[in-house]
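Asker:
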Amino acid sequence: MDGKIILKNVSKVYQKGKIKVEALKNINLEIEKGEFVVIMGPSGSGKTTLLNIIGCLDIPTEGEIIYNGKTLKNLSEDELSEYRKQNISFIFQSFNLIPVLTVKENIELPLVIEKHLSLKEKEKRVLELIEKVGLSGMQDRYPYELSGGQEQRVAIARALVKKPLVVLADEPTANLDSQTAIEIIQIMREMNEKEKTTFIFSTHDPKIEKFAKRIIILKDGSIYSDMRI
Amino acid sequence: MLLKIAIRNVFRHRRRTILTVLVMSVGVVFFIFFDSLFIGIDKMLIEELLKYQDGAIVIYSKEYAQNKKAYPLDKPIKNPQKIVNLVKSFKDIEVTFRTNFLAELIYFEKSKYIVATAIDPTTDTKVFNLHNKIKEGRFLIDDNQYEILLGKKLADEFGVKVGDTVILSAYTKYNTYNALEFVVCGLLETPVPTINESSVFLTLKCAEELLTLDGSVTSAHIKVPWKKGEKIATYTKKVLYIVERLKKELYSEYEIYSFRELYNDFIVLMDQKKLSSFIIVFFLLLISAVGIANTILMAVYERIKEIGVLMAFGFKPKQIRKLFLLEGVVMGVIGGFLGCVLAVGLNFWLVYSGWNLEALYAEETTGLKASQLGVPVWGRFYGEWNIYAYLFCFCFCILVAVFSSYFPARYASKLQVRDCLKFV
């Protein structure tokens, strides 16, 4: 298993009433395991659509996506769910923590459906991540008791707890002040280094560019540039 | 974890949950209260009628039974001793004989047609409980002739007191008219309104003088003891067994009725009343079902983002459905439990204090006599504990909750993850 993600000739067309919107046009992309990829581009350039397709949240109109050498073409909703469960995690712009769960419970949430892990193992992973993202002592707090930066740290821990192949983040720093945004990206980068987890995230923020190993710029649904730094 | 999320989500919107759950609880309280009351009324109705009016089994001659509403004195029980001997073969059961007849009660210028009952004071007390319900004066004594017991309400209506003399006139067995004066020895106040309002009791010896009965009686009344706490169904089974055995011996000459047959009309009436109250409860639970469905549906709309997040992390549609179903179940459990707890309090009051319906429908305010209210016994009604009603309600609440939350839960599970995440 090489952990490689390959997008072959991926296009996505949305039908909005009688109008067809081409969100992605013939994207060809290979992302190696452990990469830290930033996707940039103006609004409407297709960043979110690309992340959704990589994250198996949406199906391409044309082309195919290959994870670990396995094509995801023609998979059912349930099979895609199963694939997401095993391989993919998400970090959202507005954190999207479950408000009725504590920090610890939120981080543990993706493991609820992991039947092969013992309770002890789940507990160990959660506590380790709480420490790694710098939330020690806050595990019993509820999301409304946290700052935006702390909430996003919880979201990062939640994304990493099941040890996914890839973490996708759609503008994870958009709701944070610039200092906190840099802290969050640093944590993501640290996790990328330590866990060798692939991170792919979109952003508008040019200050974040310097943390990227690879920058992909989208324009009108096509790859405008793809630079490895 | 899913249960934890469900429980916490249910309490996220407390006011909404409380309202939904309260409607459900009120439905449960209604159901248990009326179930308890109706079981109590059923039991009381049968017990009191058994104690004061008919006994568990009544035997008439076949000819008398065909025309019993006319109280024909010339169609008596031909061989009472045969019945006495037969009854002796059963353990603990007692028999007494009575003669009912139509008579006119006269007191100065007032008169009223009533059904009078001639009894044997010695054996009657073994079958009936009239002797314990003397409000004023005393019960009949076999030796004393020309004495009479009146229902208290009837006496009040006539302005008669203990010691006053009234006239009873009636047709004799040979269809001649006769009238005798009787001294009122006591006034009866029983839970059976018809006895209080229109009954007259005298001894068989007195009746002999008035009606020339030639020692005959028209009905035999059998008491079958009702053990404390014994269910109606068990008691009925016991009585029907005795009736069957009596029928084998007496079938050719006599008609034998169990209380079940005698009070069938009342039992049907009570069943109708039960049905109407259950319909009310059904509608209450229906309202709460709509409430739960609405609450869950609102929860689905409010938490589309959360559904999207869960799906993005690999939760399958059935797990999403389970989460919302669990929320419905949690509400059902709370509603059912709360309803049962509240019902226990009300049930306790009904069982130990009773509900004085007499006070609620006082004759002075409604103008209705107790006998006109459609319930053959009257006074303070006591409920019964019925654990099955509690179990039924609790399970029914959960069932209603599952059913009503199923459709919103299914809707939630069919949402597309990308659509949910558009809200993100």
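Line by line, the protein sequences are chains A and B. Residue 462 in my numbering sits at position 142 of the first sequence, and the numbers go up by one each step. Residue 250 in my numbering sits at position 249 of the second sequence, and the numbers go up by one each step. Ideal Cβ positions, reconstructed from N, Cα and C, are used throughout, including at glycine. Computed from a prediction, not measured in an experiment: that's the story for all the values here.
#1: So which residues on chain A does B/Lys317 lean against when the C-beta distance must stay under 7 Å?
#2: Can you list, in chain order, the residues of the segment 4-29 of chain B whose Cβ is nearer than 9 Å to any Cβ on chain A?
#3: Closer than 7 Å between beta carbons: that is the criterion. Which residues of the segment 491-524 of chain A meet it against chain B?
#4: Output yes or no for whether 9 Å exceeds the beta carbon distance between B/Ala119 and B/Thr204.
#5: I need the straight-line Cα distance from B/Val425 to B/Tyr302, nearest angstrom please.
#6: Are the CB atoms of B/Ile293 and B/Val401 within a distance shorter than 9 Å?
#7: Please classify A/Lys424 as buried or exposed, where buried requires at least 16 neighbouring CB atoms within 10 angstroms.
#8: Could you name the residues of chain A that B/Leu422 contacts, counting a contact when the two beta carbons are closer than 7 Å?
#9: Whole beta strand (DSSP E) runs in the segment 114-150 of chain B with 3 or more residues, listed along the chain?
#10: Any idea which residues DSSP pairs A/Glu471 with across the strands?
#11: Which first and last residues belong to the beta strand (DSSP E) in which A/Met458 is found?
#12: In three-state terms, what does DSSP make of A/Met360?
#13: Roughly how many angstroms separate the alpha carbons of B/His132 and B/Tyr264, rounded to a whole number?
#14: Is there a Cβ from chain A that is less than 9 Å from the Cβ of B/Met2?
#15: Is the CB of B/Leu326 under 9 Å away from at least one CB in chain A?
#16: Taking C-beta pairs closer than 7 Å, name the residues in chain B that A/Val446 reaches, listed in chain order.
#17: With the cut-off set at 9 Å, would you say A/Ser409 and A/Ala494 are in Cβ contact?
#18: Nearest by alpha-carbon distance to A/Lys557: which of A/Asn512, A/Tyr334 and A/Lys393 is it?
#19: Flag A/Lys336 as yes if its beta-carbon sits less than 9 Å from any beta-carbon of chain B, otherwise no.
#20: Within 10 angstroms of the Cβ of B/Cys396, are there 16 or more other Cβ atoms? Answer buried if so, exposed if not.
#21: Determine, using beta-carbon pairs with one atom in the segment 426-439 of chain A and one in the segment 368-386 of chain A, whether at least three such pairs fall under 8 Å.
#22: Let me see if you follow: with CB-CB separation under 9 Å, is B/Val331 close to chain A or not?
#23: Looking only at DSSP bridge pairs, what is A/Tyr334 linked to?
#24: What's the gap between the Cα of A/Glu515 and the Cα of A/Ile450?
#25: Starting from the beta carbon of B/Arg419, find every residue of chain A whose beta carbon is closer than 7 Å, and list them in chain order.
#26: Using the rule of at least 16 other Cβ atoms within 10 Å of the residue's Cβ for burial, across every protein chain shown, is B/Ala390 buried or exposed?
Answerer: Answer, in terms of the structure:
#1: Asp398 and Ser401
#2: Lys5, Ile6, Ile8, Arg9, Asn10, Phe12 and Arg13
#3: none
#4: yes
#5: Confidence is the limiting factor: at B/Val425 the pLDDT is only 42, short of 50, which leaves the residue's position unreliable, though a coordinate-based value still follows. Using only the alpha carbons, I get a separation of about 13 Å.
#6: yes
#7: buried
#8: Leu377
#9: 135-138
#10: DSSP lists no partner for A/Glu471.
#11: Where A/Met458 is concerned, there is no enclosing beta strand (DSSP E), given that its DSSP letter is neither H nor E.
#12: strand
#13: 23 Å
#14: yes
#15: no
#16: The contacting residues do not exist; A/Val446 stays about 12 Å from chain B at best.
#17: no
#18: Because chain A spans 321 through 549 in this model, residue 557 of chain A falls outside it and cannot be assessed.
#19: no
#20: exposed
#21: no
#22: no
#23: A/Val341
#24: 15 Å
#25: Asn372, Leu377 and Asp378
#26: buried
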